[in-house]
Amino acid sequence: MMTEPLQLETGDFYSRHFEKGPREDTLILNMGPQHPSTHGVLRILLELDGEYILRAEPVLGYVHRMHEKMGEVKTCHQYLMNMGRVDYLHALAWNWAHVGAVEKMLGIEVPERAEYIRVITCELNRISSHLLWWGAYLLDLGAFTPILYAFDDREFILDLLQMVTGSRLTYTYNTFGGVVADLPGDFLDGSLAFAKRMRERLPMYKDLVTDNFILRGRVEDIGHIPLEMCVRYGATGPVVRGAGKPYDTRRAEPYSVYDRFDFEIPTSDRDDAFGRYQVRLAEIEQSLRIIEQAVTGIPAGDFLNPKAPKKIKLPVGETYYAVEGARGKIGVYLQGDGGPTPYRVRLRSPTYSNLSLFSEVAGGILLPDAVSILGSLDLVIPEIDR
Amino acid sequence: MNIDPQLTRILVALVAILLFVAANAIVLVYVERKVAGHVQRRPGPYEVGFHGILQPVADAVKLMGKQLVTPGDGDRVIFWIAPLLAFAPVALCLLPITFGPRTYAFDIDLGLVLILAFAGLNVLALCLAGWGSNNKWSLLGAARSVAQNVAYEIPLLVSVLSVALATGSLNLNTITLTQGTWPWQWNWLINPVAFGIYIICAVAETNRAPFDLPEGESELTAGFHTEYSGMGFGLFFMAEYANMLVVASVATVLFLGGWNGPGAPGWWWFLVKMYAVVFFIIMLRWTFPRVRFDQLLNLSWKWLIPLALANLLVVAFIVKL
Amino acid sequence: MGFIRETGNAARGMWSLAVGLKVTGKYFLSPQITCHYPREVLPNMDTFRGHIELIAKPSNPAKSKCIACGSCARACPSGCITVIKKKAEPAPAPEAAGQQDESIPAGQKKKPPKKTAPKEPSLFALDFTTCSLCGQCVQVCPVSALRFSSAINLAGYTREEFHYDLLQRLAEQAEK
Amino acid sequence: MSCPRWIKDLACQCRTECDATTYGKDMNLMPAPEQLRPAAAEFLRHGYFLEDVTGSDMKEGFLILYHFAHFDLPGRYSLMVLVPHEDPRLPTIADIYQGANWHERECYDMYGLIFTDHPNLLPLLLPAETDLHPLVKEEKKRRLLSSVLPLCRFPGIPVEKQTAESTGEDAQ
C-alpha cells in the first residue's frame, strides 16, 4: 500500500519571500539550519544554477535569546553571566566589554594587577578561539585531522583558564573593579610553557595546511572583500585586517593596559579568504607575544578594587565601550536612568556585520566556495542572533 | 548432464572472491578507523571487543537492524537498486586478478578489459542513488559523481594501456611474469608516469580522499547517500571498500609485480603490496582537504589526459625500437 | 613560458602534498595523547566548578555557616536557590510564660519576649537545572557560607534528580 | 577632542559635544528624520563605517541612534533621531550603508519602527508570524529623554527636570 505523501505546504515564510516569480532551471536550496558547515543554526537560502549561486540570503533568528531584553530586566551583576553565552568562543572579551562599559560609566578604577590578569586571560581566550576556527575551517574544506591537532593545543588553554576561572568555555571571570579570583600559583609559568609549546607547533600548522597545494586552491582568490565593502557593511576584525587595513580596537581605541605592550597588527594585502586565514594565524603569534610580555610584567597587588560597589546603580547617561574580540570589534552600549537595571543595553556583535556582506560576496560563486567563504568569516551564530 | 568444468571453477571462484571481499571490507573498515585514530593521536575504536576488534561487526549488526526507509515520493525501485548495483560488479572485477602463480580464478587473455569494463558500472549506481532519493543534495552529489567518473575513466584507461602495450599482452598473468622479482624490475619504476596517473585516477574513481566530492560531507551534507540509512548505506560503504580493493589489486598486478617478490614468490606478496596501496589511499584521506569541483575536472582534462597520452606515445616509441 | 611556470607550481604542489603526508605519518607513529575517560581521569578535575555547596561551621561539621539571610536567593539571576529561615520554637516553656503574666499589671499587657528565631536555614534547596554557575551567590554571601563543589559526574534520568537539598548534602558530608 | 570641520556644520537640529572618557563618544548629532539620509551619506563619503543602529523607547517617542566610527581617525559620532510612538516612521539608509539593512530589520523586529523604502523589511530575528515587539516598554517604565540622556536637546522637547520621585523609584 502506498502511503500518499503529506501535503506539506511548500516552503515557509522566508522561502516564499525568496522566490521571485517562475524560475526556468534554477534550484532554490536551504543551506541550514541543520548543515554541517554553518557552525551552528544559520540558514542560508540559495538560488543555484547548477552549482553556481545566483542569490544568497542568510536567515537568522534560530538561536535568538533576546539578550538585550534580559539586560533591561537583570541588574548589572546578574547580567555578567549572559556575556559568556553571547559568544562562547571568546567569552572573556564579551565579559570585559560589559564590565568595561559599567566601569567607564561609574568611574570605577581597576587595579594594575587586575588589568594584567584580564589581558593575559583574554589573549589566551583569543588564541583558543582562533585555534577552534582553524580546525573548523579545515573541517569545512574536508580535512578531518587538523581539528584534532588544533584541539590538542586548545586543551592546554582550556586547562589554564579552568585553573583560574573554574569553567572551560562560558567564563564569568571579570567583574566590576577587577577579576573574581587571583591567579593560582602555577598559572603564570603554565602560560609561559604553553606559549613555548605553541611556538613549536605553529611550523607544523604551516607544513600540514598553509603550504598545502589543495588548500591553497580551495582558499586563494575567492571571497574578495575589498576595504570599501568593509566600510559599507561595518565589517571589523580579521575581515577588515584581511583587506589590508590595520584596524584593531586595542590600537584604535586603546583600553586597559594594551598600550604598554608592543605587538603589531597583522594585515594581508590580498583581501581574499587566504588573506583572512593568514591574518588569524599571525594574530596567534601576536597574542603569544602579548602574553609573554604581560606575564613577565605583571605587578603584585590586589586583584579586585576593594572600593568597588557591591550594588551597582547605573548613573543617568549613556556610554559605549569597545573591545577587540577574536572576530572583530565588540561594543556594549549602555543607557542608565539611575535605577539598578540599565535602561537599554545594546550589544554590537562583529559577526553580525561580517556576515551581512555575504549575500553581496556570494553572487556567482560555486557552492563549495560559499562554504569556504563562510569558514573564512569565522562565524559564531549565537553572537549573530544574540 | 555434465556441467562444463570451467563453469564450476568460475562459480567456486566467485563465491571465494565474494567471501574474500566481504571479509576484507569488514577488516578495512576497522583498519581505516584505527589509522584515522592513530593519525589523530587517539586510540580509535577501543570499547567493543579487544581494542575494538568487534566494532565493524557491531556496526554491521546495527546497520542491518535499522528500518529500511524510502524517502517520500522518491522512486522506490531506483532507490533500492542503486546499493545493490554498487556492490555487484566488484566480484567480477576481481575474477581475472592473479593472486598467486596458481591461485587465480579465471585465466583469460582479456583480463584487463574485463576489469575496466565493470569498474565503470559503479558510477551508474551513484547516479541512480542520487536521482532516486528525491533530495536536492543527493541530486548535486549524483551530478558530481557522473562528471568525476567520466573525467577520470579516460586517463585510467590510457595509463593502463601504456603498461599493456609495454608488456605486449592484456593477460594479467603474463604481465606479472614479465616483471622480475626485485622491486626495481617492476613496472612502477619502468613506467613511473603511468603509475602516478593510475594512482590519482584510482583514488578519484573510488571517490576517496581529496576527491570525495560526490559525498562531500561538509558541502552536500553527505552527497548521494544522504537519504540512505541502514543496510542501504551499509552496502554503499562496503562497495566503497570493495572498489578500493579492486583498484589496489589492479595496481599491484600492473605496477608492483603481482605475486613476484624477493623471497619465495606467492600470493602473500600480492596481499602485502595490495594492503600497502590501500594504506596509502587511507592515509590520503586523513591528510588532505577536499578539492573543489572545477579543479578536479581541470586536473583530469588539462593535466592527466595529455600526460597519459604523451606517456603512451613515449612507451609506443620505446616499444618500437 | 606559462607552461614551465605551471609545471613548476605543480611540482611544488606535489612536494607540499608529500610534506603533508610526512606530518601525518609522523603523528601516526607517535604515541596517543587522549585520556581513556572511564578508566583514567584527568588530574585537574578539582579546579572545575561543580554546583554550589554549603560550608560547614568549623565548630560543628553538621551545621552550615549560613545565616539564612536570603541575599544569595535574591542575587541569583536564574532564581534557582530557595532558602527558608528556621521558625522560632512555637511554644515557649509554659511556666516561664505564665509566670511573667502575673508580674505585669493587667493594664500594660507586654507581649512575652518571643524566642528569637535561630539564624539557620530549615531548607536550602538548589535547582541545578537552571543554575549557570555564575558565582553571584558565592560572592554576595555576607558570611561566605557557599563555595563551588567539584561534583562533576552528575547524571540523572529526571529533572528532580538535579534539585539538591544542600543541608542534607552537608549532613552526609559530616558523617563521612 | 577636535571634531572634523564637516561634522560641525552637518545639517541637523542640534548637536552636543561629549567627552569620550566617560561617554565613549565624541559628539551626538540630532538630525530630523528627513536630515538623516544626507547626514549618513556625508559620513559614508568621509569613510566612516556604521557600527550599529540602536533603538530606545523614551516617553517622547522612539530614539534611534546610529553610531559611526572610522578605521583610521579616532572618535565615534552618533546620529540620534526621535520618532513619535504613534507613527514610528523614518527613512532607511540601507541603500547608503548596506550594513544597516539587518540593523534596521532588527529595529523593526524589536520596536515596530517602519523604515520607508527598505529593500526587504521582514522580521530578522523574531519568528515571522508573531507580531510582538519585545523591547517596547510599558508606559509606566518609560523615562523622559532628559532623565536618561541629559545631554540631548531636541527642539520642541521641553528640558524640564524629570520629577525626582520617578528617577529614584525602583524600576523592578
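Same order as they appear, the protein sequences are chains A, B, C and D. Under my numbering, the residue at position 363 of the first sequence is numbered 363, and the numbers go up by one with no gaps. Under my numbering, the residue at position 316 of the second sequence is numbered 702, and the numbers go up by one with no gaps. Under my numbering, the residue at position 101 of the third sequence is numbered 808, and the numbers go up by one with no gaps. Under my numbering, the residue at position 78 of the fourth sequence is numbered 961, and the numbers go up by one with no gaps. Glycine included, every Cβ here is placed at the ideal spot set by N, Cα and C. Fair warning: this is a prediction, and the values are worked out from it, not measured in the lab.
Around the C-beta of I890 (chain D), 16 or more other C-beta atoms lie within 10 Å, and the residue is accordingly described as buried.
By the rule that beta-carbons nearer than 7 Å mark a contact, P368 (chain A) touches chain B. In terms of Cα proximity to V257 (chain A), the closest of A:L314, A:E112 and A:G237 is A:E112. For P651 (chain B) and V434 (chain B), the gap between their C-alpha atoms comes out near 37 Å. Residue state for V700 (chain B) is assigned as helix, using DSSP reduced to three classes.
Around the C-beta of N697 (chain B), 16 or more other C-beta atoms lie within 10 Å, and the residue is accordingly described as buried. Contacts between T731 (chain C) and chain A, judged by CB atoms closer than 9 Å, involve T145 and L208 in chain order. With a beta-carbon spacing of about 5 Å, C779 (chain C) and I788 (chain C) fall inside the 8 Å limit used to define contacts. If you check each beta-carbon in the region 45–74 of chain A against every beta-carbon of chain D, the ones closer than 8 Å belong to L60, G61, H64, M66, E68, K69 and E72.
Chain A places no beta carbon closer than 7 Å to that of F835 (chain C), leaving this residue out of the contacts. Proximity of chain C to N95 (chain A) at the Cβ level (cut-off 8 Å) is not reached, the minimal Cβ distance being about 11 Å. If you ignore the 5 residues before and after V705 (chain B), its C-beta comes within less than 7 Å of the C-beta of L551 and A552, all in its own chain and listed in chain order. Excluding its 5 nearest sequence neighbours in each direction, S356 (chain A) has C-beta neighbours in its own chain below 7 Å: Y233, listed in chain order. Under the 7 Å criterion on CB atoms, H77 (chain A) is classed as interfacial with respect to chain C. Look at H64 (chain A) here: in three-state DSSP terms it is coil, with no helix or strand label.
Listed along the chain, the chain C residues whose CB falls inside 8 Å of the CB of V180 (chain A) are G842 and Q846. Scanning the region 34–110 of chain A for uninterrupted alpha helix (DSSP H) segments of 4 residues or longer gives 67–73, 76–86 and 91–106, listed from N- to C-terminal end.
As a beta-bridge residue in DSSP terms, C897 (chain D) pairs with D:M913. Apart from the 5 residues on each side of it in sequence, R118 (chain A) sits with its Cβ closer than 7 Å to the Cβ of W96, N174, V179 and S256 in its chain, given in chain order. Under the criterion of beta carbons closer than 8 Å, L510 (chain B) and W517 (chain B) do not qualify as touching, at roughly 11 Å. Under a 10 Å Cβ-count criterion, T999 (chain D) is classified as exposed, with fewer than 16 other Cβ atoms of the shown protein chains found around its own Cβ. At a cut-off of 7 Å, the C-beta of Q918 (chain D) has no neighbouring C-beta in chain A. Closest in alpha carbon position to L470 (chain B), among B:V663, B:F656, B:F619 and B:A637, is B:F619.
By the neighbour-count criterion, in which a residue is buried when 16 or more other Cβ atoms sit within 10 angstroms of its Cβ, N388 (chain B) is exposed. The Cβ of P36 (chain A) sits closer than 7 Å to at least one Cβ of chain B. Of all residues in the region 520–550 of chain B, those with a C-beta nearer than 9 Å to a C-beta of chain A are K522, W523, L525, L526, A529 and R530, reading in chain order. For the region 733–766 of chain C, the beta-carbon criterion of a distance under 7 Å to any beta-carbon of chain A is satisfied by I740, N751, T754, F755 and R756. Close to W672 (chain B), with beta-carbon spacing below 7 Å, are these residues of chain A in chain order: F144 and T145. Taking a Cβ-Cβ threshold of 9 Å, the residues of chain A close to V726 (chain C) are D207, L208, D211 and N212, in chain order. Residue ranges of uninterrupted beta strand (DSSP E) with 3 or more members are absent from the region 147–182 of chain A; none lies entirely inside it. Identification of chain A residues near T607 (chain B) by a Cβ-Cβ cut-off of 7 Å yields H35 and P36, ordered along the chain. Counting only Cβ-Cβ distances below 9 Å, G166 (chain A) has contacts in chain C at T754, F755, R756, L840, G842 and F855, in chain order. Judged by their CB atoms, L724 (chain C) and F213 (chain A) are nearer to each other than the 7 Å cut-off.
By the rule that beta-carbons nearer than 7 Å mark a contact, V677 (chain B) touches chain A. At a cut-off of 7 Å between beta-carbon atoms, M229 (chain A) makes no contact with chain C. The beta carbon of P33 (chain A) sits closer than 7 Å to those of V41, L42, R43 and Y62, all from its chain and outside the five residues before and after it, given in chain order.
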